Amino acid sequence: QVHLVESGGGLVQPGGSLRLSCAASGIISSINTMGWYRQAPGKQRELVATIASVGTTNYADSVKGRFTISRDNAKNTVYLQMNSLKSEDTAVYYCWFGWFRGDYWGQGTQVTVSS
26 QVHLVESGGG LVQPGGSLRL SCAASGIISS INTMGWYRQA PGKQRELVAT
76 IASVGTTNYA DSVKGRFTIS RDNAKNTVYL QMNSLKSEDT AVYYCWFGWF
126 RGDYWGQGTQ VTVSS
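One gets the working numbering by counting positions in the sequence shown from 1 and adding 25 to each.
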């Protein structure tokens with residue numbers, strides 16, 4: 026079982042920045058992928074960014090150049106630095122952990138971009 030704990034959401038003005046963190050605990054293989062998805066009201070959950078344990082990253086087109094995903098393998102923690110935030114980035118952001126035993130999700134953290 027993998028347990029994910031997220032932090033860092035909140036309210037920010039357009040153009041501002043936020044940093045999300047997600048720490049994984051439990052029996053974890055060193056070979057895994059972690060990332061972030063988001064779900065806005067009335068919309069489906071969508072990929073934001075992922076990063077493999079070897080460092081390979083993948084971003085949604087809508088966040089490229091504004092968001093940066095990184096991880097600390099020693100801490101089993103993934104980060105999402107979000108800059109130049111827009112109102113359309115408002116959503117619940119979910120941490121995701123994937124490995125050969127399956128997928129795990131965090132409880133979600135609200136990010137609201139509004140003036």
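Note that the Cβ used here is the ideal one computed from N, Cα and C, for glycine as well.
All figures in this text were calculated on a predicted structure; none of them were measured in a lab.
Closest Cα partner of residue i within the set the options
{"i": "Leu29", "options": "Leu36, Ser42, Met59 and Ser54", "result": "Met59"}
{"i": "Asp114", "options": "Pro66, Gly131 and Ile52", "result": "Pro66"}
{"i": "Gly40", "options": "Phe125, Met107, Tyr84 and Trp124", "result": "Met107"}
{"i": "Leu110", "options": "Val117, Val136, Gln132 and Trp121", "result": "Val136"}
Euclidean distance between Cα positions of residue i and residue j
{"i": "Tyr119", "j": "Gly127", "result": "16 Å"}
{"i": "Gly34", "j": "Ile56", "result": "27 Å"}
{"i": "Val79", "j": "Val103", "result": "13 Å"}
{"i": "Leu43", "j": "Ala116", "result": "13 Å"}
{"i": "Gly133", "j": "Trp121", "result": "10 Å"}
{"i": "Thr93", "j": "Ser112", "result": "18 Å"}
8 Å Cβ cutoff met for residue i and residue j
{"i": "Ile76", "j": "Arg63", "result": "no"}
{"i": "Ser32", "j": "Ser50", "result": "no"}
{"i": "Asn101", "j": "Ile52", "result": "no"}
{"i": "Leu105", "j": "Val73", "result": "yes"}
{"i": "Ala156", "j": "Glu71", "result": "This structure cannot settle anything about residue 156, because the visible part of the chain is limited to 26 through 140."}
As assigned by DSSP and simplified to three states, the class of residue i
{"i": "Ser32", "result": "strand"}
ask   = Unbroken beta strand (DSSP E) runs of length 3 or more, entirely within the segment 44 to 98: which are they?
value = Within the segment 44 to 98, the complete beta strand (DSSP E) segments of 3 residues or longer fall at 58 to 64, 71 to 77, 82 to 84 and 92 to 97, listed in chain order.
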